[in-house]
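Numbering (my numbering), first residue to last: 440 to 865. Glycine included, C-beta positions come from ideal geometry on N, C-alpha and C. Predicted model only: the values in this text are computed from it and were never measured.
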């Protein structure tokens, strides 16, 4: 019996020749990640353990992003804790205002080539599963696990079963990776992949950009998956070569491929050409609909950004669709580039001017409204079309507000029309 990609990566990092689903293992970690919400309690546990130094200052990454720039005194104290710990430990990968450029953790790490094929990493944030896009094993944990990992450089896992998602065909114009993952979550439900690995395969993989793959893996957790992972292909290699040429040149990575006789608990076939513009209505990411079937839903706000859709490709698509158009009167549209690097690209290429001409508000890079933090909180009775990843009750503000999850093209069209809309309509 063979192994899946995830099993191979975990076996390697556990120093084992073979692992099976359900095995409990201890695995060494290549990267450990924390943010301004999860790191402060981890720092306390770290110190209560009697730890003095992190296991490797090159491998611990801290990025305050949820409530930054600090929205109040409490968030300022949280960020101060992270900042002081990062400086005390002399961490290489600390990103904040004025230090290497601020932004959202799951945008910053990929664009700086910090995670490579074959890596195993954890992050105290549920959307750490993003990095499976480059052929790594990556999953979210709690603050206590983060503390132990920062001290020891390893953690325990129960090896997950795997679901194979076989992709064929090619996406239609303006249909994106966000539509694909919403479509999949709608098929299997929010617990359809509970503690399982989503392993994407098939000829359709080559039709997906790296940003699309990052978006898809980012939302693997929304159907309960332990991780999502894509095979490494030429596009992956081009990406890591561009984002971290030094590590690429050193050959400091390993490509794992699933064995032909690897076992999967389920196989799901998706023809990309049949994936429609897809939205998730309140209050679950699995409450999906063909966007064309719900165009009568009026909205009050649109958010374009987040760790799911705040990358360069997302901004470029938004600018292309906004050019020559305007946000409908009475609608608030907030555009949030995912990092300072993305923000600068938008500035240099004239995208910010397009957003401004269209009547959008342009925010500094932050998670902001995604988690109900700041920069776009909803009042009672308000409804938002958002490119973020969750639409639970009260997620973006008042418990009687609503969030509709959508792709960037649908969000732009909705902002211009004042209701859920598709690019064809706008």
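Margin query: Using the three-state DSSP reduction, which class does residue 542 fall into: helix, strand or coil?
Written below: In the chain shown, counting from the first residue as 1, residue 542 sits at position 103. In the structure shown, residue 542 sits in a strand (DSSP, three-state: E or B).
Check: What are the boundary residues of the alpha helix (DSSP H) that includes residue 625?
Finding: Counting from one through the chain shown, the residue named residue 625 turns up at place 186. Per DSSP, residue 625 belongs to the alpha helix (DSSP H) from 616–627.
Checklist line | Simplified DSSP state of residue 861, which is helix, strand or coil | finding: As a working note, residue 861 is residue 422 in the chain shown. Residue state, collapsed to three classes: coil.
Notebook entry, point to check: Are residue 556 and residue 575 close, meaning C-beta to C-beta below 8 Å?
Noted result: Position 117 of the chain shown, counting from 1, holds the residue named residue 556. Position 136 of the chain shown, counting from 1, holds the residue named residue 575. In this structure, residue 575 lies closer than 8 Å to residue 556 by Cβ.
Next item on the list: Please confirm if the stretch 610–621 is in contact with the stretch 707–720, defined as three or more CB-CB distances below 8 Å between the two stretches.
Entry: yes
Next item on the list: Identify the continuous beta strand (DSSP E) that holds residue 632 and give its terminal residues.
Entry: Within the chain shown, the letter at position 193 stands for residue 632. Taken as a continuous stretch (DSSP letters only), residue 632 belongs to no beta strand (DSSP E), as it is neither H nor E.
Next item on the list: Please confirm whether residue 859 and residue 734 have their CB atoms less than 8 Å apart.
Entry: For the purposes of this step, residue 859 is identified with residue 420 of the chain shown, where counting begins at 1. For the purposes of this step, residue 734 is identified with residue 295 of the chain shown, where counting begins at 1. Contact: yes.
Next item on the list: Name, in chain order, the residues that DSSP records as bridge partners for residue 707.
Entry: Translated into positions along the chain shown, residue 707 becomes position 268. The partner list for residue 707 (beta bridge, DSSP) reads 604.
Note to self: Please give the ranges of any alpha helix (DSSP H) in the stretch 705–793, keeping only runs that are unbroken, at least 4 residues long and fully inside the region.
What the structure shows: 745–748, 751–761 and 779–787
Next item on the list: Decide yes or no for the touch test of the stretch 488–498 against the stretch 581–598: beta carbon pairs closer than 8 Å, at least 3 of them.
Entry: yes
Check: Do residue 808 and residue 835 have their CB atoms nearer than 8 Å?
Finding: Taking the first residue of the chain shown as 1, we reach residue 808 at position 369. Taking the first residue of the chain shown as 1, we reach residue 835 at position 396. Yes; because the gap between Cβ atoms is below 8 Å, this pair is in contact.
Checklist line | Backbone secondary structure at residue 609 - three-state DSSP | finding: Position 170 of the chain shown, counted from the first residue, corresponds to residue 609. Coil.
Check: Should residue 446 go down as buried or exposed, given a rule of 16 or more other Cβ atoms within 10 Å for buried?
Finding: As a position in the chain shown, residue 446 is number 7, starting the count at 1. Residue 446 is buried by the Cβ-count criterion.
Margin query: Just to confirm, is the Cβ distance from residue 604 to residue 707 under 8 Å?
Written below: Walking along the chain shown from the start, residue 604 turns up at place 165. Walking along the chain shown from the start, residue 707 turns up at place 268. Yes, Cβ-Cβ distance for residue 604 and residue 707 is below 8 Å.
Notebook entry, point to check: With a Cβ-Cβ cutoff of 8 Å, do residue 475 and residue 511 count as a contact?
Noted result: Counting from one through the chain shown, the residue named residue 475 turns up at place 36. Counting from one through the chain shown, the residue named residue 511 turns up at place 72. Not closer than 8 Å, so no.
Item checked: Alpha-carbon spacing of residue 740 relative to residue 632, whole angstroms -> Counting from 1 along the chain shown, the entry for residue 740 is found at position 301. Counting from 1 along the chain shown, the entry for residue 632 is found at position 193. Residue 740 and residue 632: Cα-Cα distance of roughly 31 Å.
Next item on the list: Reducing DSSP to helix, strand and coil, say where residue 648 ends up.
Entry: For the purposes of this step, residue 648 is identified with residue 209 of the chain shown, where counting begins at 1. If DSSP states are grouped into helix, strand and coil, residue 648 belongs with coil.
Item checked: Among 561, 702 and 750, nearest to residue 470 - alpha-carbon criterion -> Position 31 of the chain shown, counting from 1, holds the residue named residue 470. For the residues 561, 702 and 750, the minimum Cα distance to residue 470 belongs to 561.
Note to self: Is it buried or exposed, residue 838, if we count other Cβ atoms within 10 angstroms and call 16 or more buried?
What the structure shows: By one-based count along the chain shown, residue 838 stands at place 399. Classification of residue 838: exposed, given that the 10 Å Cβ count is below 16.
Next item on the list: Excluding the 5 residues preceding and the 5 following residue 565 in the sequence, name in chain order all residues of the same chain whose CB lies nearer than 8 Å to its CB.
Entry: In the chain shown, residue 565 corresponds to position 126, counting from 1. Cβ neighbours of residue 565 beyond the five flanking positions: 579 and 660.
Next item on the list: Keeping to the same chain, check which residues put their C-beta closer than 8 Å to that of residue 536; ignore five residues upstream and five downstream.
Entry: For the purposes of this step, residue 536 is taken as residue 97 along the chain shown, with counting starting at 1. Correct list, in chain order: 507 and 508.
Next item on the list: Grab the span of the alpha helix (DSSP H) containing residue 849 for me, first residue to last.
Entry: The count along the chain shown starts at 1 and reaches residue 849 at position 410. Run containing residue 849: 847–856, per the alpha helix (DSSP H) assignment.
Item checked: Run of the beta strand (DSSP E) containing residue 674, from where it starts to where it stops -> Position 235 of the chain shown, counting from 1, holds the residue named residue 674. Run containing residue 674: none in the beta strand (DSSP E); it sits in the alpha helix (DSSP H), 673–682.
Notebook entry, point to check: Which class does residue 687 belong to by DSSP, given the choice of helix, strand or coil?
Noted result: Residue numbering aside, residue 687 sits at position 248 when the chain shown is read from its first letter. Residue state, collapsed to three classes: helix.
Checklist line | C-alpha gap between residue 849 and residue 697, whole angstroms | finding: Residue mapping note: residue 849 aligns to position 410 of the chain shown, counting from 1. Residue mapping note: residue 697 aligns to position 258 of the chain shown, counting from 1. Using only the alpha carbons, I get a separation of about 35 Å.
Item checked: residue 498 - partner residues in DSSP beta bridges -> For the purposes of this step, residue 498 is identified with residue 59 of the chain shown, where counting begins at 1. Beta-bridge pairing links residue 498 to no other residue.
Notebook entry, point to check: Where does residue 841 fall in DSSP's three states?
Noted result: Translated into the one-based positions of the chain shown, residue 841 becomes position 402. DSSP places residue 841 in strand when its eight states are reduced to three.
Note to self: Are the CB atoms of residue 750 and residue 789 within a distance shorter than 8 Å?
What the structure shows: Working through the chain shown from its first residue, we reach residue 789 at position 350. Working through the chain shown from its first residue, we reach residue 750 at position 311. No, Cβ-Cβ distance for residue 789 and residue 750 is not below 8 Å.
Margin query: If I measure Cβ to Cβ from residue 683 and keep anything under 8 Å in the same chain, skipping five residues before and after, which residues do I get?
Written below: Within the chain shown, the letter at position 244 stands for residue 683. The beta carbon of residue 683 sits closer than 8 Å to the beta carbons of 551, 552, 553 and 555 from its chain, once the five residues preceding and following it are set aside; these are given in chain order.
Next item on the list: Please report how far the alpha carbon of residue 585 lies from the alpha carbon of residue 484, in whole angstroms.
Entry: In the chain shown, counting from the first residue as 1, residue 585 sits at position 146. In the chain shown, counting from the first residue as 1, residue 484 sits at position 45. Computed Cα separation, rounded: 9 Å.
Notebook entry, point to check: How big is the Cα-Cα spacing for residue 762 and residue 852?
Noted result: By 1-based counting over the chain shown, the position of residue 762 is 323. By 1-based counting over the chain shown, the position of residue 852 is 413. Near 12 Å, if we compare the C-alpha coordinates of residue 852 and residue 762.
Next item on the list: Can you give me the start and stop residues for the alpha helix (DSSP H) that residue 593 sits inside?
Entry: By one-based count along the chain shown, residue 593 stands at place 154. Residue 593 -> not in any alpha helix (DSSP H); beta strand (DSSP E) instead, spanning 593–597.
Notebook entry, point to check: Between which two residues does the alpha helix (DSSP H) carrying residue 513 extend?
Noted result: As a working note, residue 513 is residue 74 in the chain shown. 512–527 is the span of the alpha helix (DSSP H), which, as asked, contains residue 513.
Check: Just how far apart, CA to CA, sit residue 523 and residue 781?
Finding: The residue you call residue 523 lines up with position 84 of the chain shown. The residue you call residue 781 lines up with position 342 of the chain shown. Cα-Cα distance, rounded: 26 Å.
Notebook entry, point to check: How would you write the range of the beta strand (DSSP E) that residue 573 sits in, first residue to last?
Noted result: In the chain shown, residue 573 corresponds to position 134, counting from 1. From DSSP, residue 573 is part of no beta strand (DSSP E); its letter is neither H nor E.
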